[in-house]
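Notes to accompany the following structure.
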Amino acid sequence: CALSHRSLWEQAAQSEDDDVLVILEDDGRVCPQFGARLCRVLDLAKNRAPWDVVHLGFNTDVPLAIQLDCPRMEIQLICQDNGRPVEIGAPFPVSWPQNPPEGETLLARVLDMRGLCGYAVSSRGARRLLDACFPMTATSIDGSISRKLREDVLMTLIAIPPLVLSANDHAVSDTVSSSSSRYNEAIR
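For the sequence shown, position 94 (counting from the first letter as 1) is numbered 274 according to the numbering used here, and the numbering increases by one without interruption.
Below, the structure written as structure tokens:
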């Protein structure tokens, strides 16, 4: 997984400064009218330049910390299913309305998040991700990015409502728990 992201970042890093690469995880589920909504999100991001990454979705089983600019405040989002917070590792039923209402799209600064569903990366962002995340100091690329977010190394935004979500089904996920990985010694 990390090598796939790295390879894509290397390609994006060599592209023109206004080029954007969109990367979707294999278990990400995109919303209806994804292309049109993506264009709207990227147009909004141009007004927030310079940015490194625009997350198009998030994991539903862990909190997401964002910062709003007007008024300036930090918010933690916690997803619910049937009125109860989604537990860590719990699957989340992803369904999109067939005809989603035209609504406002918000871009917020990401302070902390875990996991990737889909994101857009600028060529500047790709260069910064390569510098910040390699060599890896976490057990996953998601963990490396998350650490750099908390260290305020990357200018990262998120689209709300999300354009991509994951069902978060750990039974079919290729994610390996770092506590049980047979590769822990090699990673350290």
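For each residue, glycine too, the CB sits at the ideal point set by N, CA and C.
Query raised in the report: Are the CB atoms of residue 310 and residue 205 nearer to each other than 8 Å?
Result: no
Give me, in chain order, the residues of the same chain whose beta-carbon lies closer than 8 Å to that of residue 293; leave out the 5 immediate sequence neighbours on both sides. 235, 238, 239, 242, 244, 245, 326, 329, 338
Give the secondary structure of residue 187 by DSSP, where H, G and I count as helix, E and B as strand, and everything else as coil.
helix
Original post:
Are the Cβ atoms of residue 270 and residue 340 separated by less than 8 Å?
Top reply: no
**Q.** Exposure label - residue 248; buried when at least 16 CB within 10 Å
**A.** exposed
message: residue 344 and residue 232 - do their beta-carbons sit closer together than 8 Å?
response: no
- request: For the beta strand (DSSP E) containing residue 298, list its first residue and its last residue.
  value: 298 to 302
Q) Mind checking residue 198: buried by the 16 CB within 10 Å criterion, or exposed? A) exposed
**Request:** Please state whether DSSP places residue 221 in a helix, a strand or coil.
**Result:** helix
Exercise for the section: Report all residues from its chain with a CB closer than 8 Å to the CB of residue 347; omit the five preceding and five following residues, and keep chain order. Expected result: 207, 209, 271, 272, 273, 274
Go through its chain and collect everything with a Cβ distance to residue 304's Cβ below 7 Å, but skip five positions before and after it.
-> 197, 230, 232
Using the three-state DSSP reduction, which class does residue 238 fall into: helix, strand or coil? strand
Open item on the list: Quick test of your reading: residue 203 and residue 188, contact by CB under 8 Å. State the CB separation rounded to the nearest angstrom.
Closed with: 6 Å
query = Between which two residues does the alpha helix (DSSP H) harbouring residue 329 extend?
reply = 321 to 330
Between residue 295 and residue 322, how many whole angstroms is the CB-CB distance? I'm expecting something under 8 Å.
5 Å
| query | Looking at residue 334 and residue 307, is the spacing between their C-beta atoms short of 8 Å? | reply | no
| message | Please classify residue 298 as buried or exposed, where buried requires at least 16 other C-beta atoms within 10 Å of its C-beta. | response | buried
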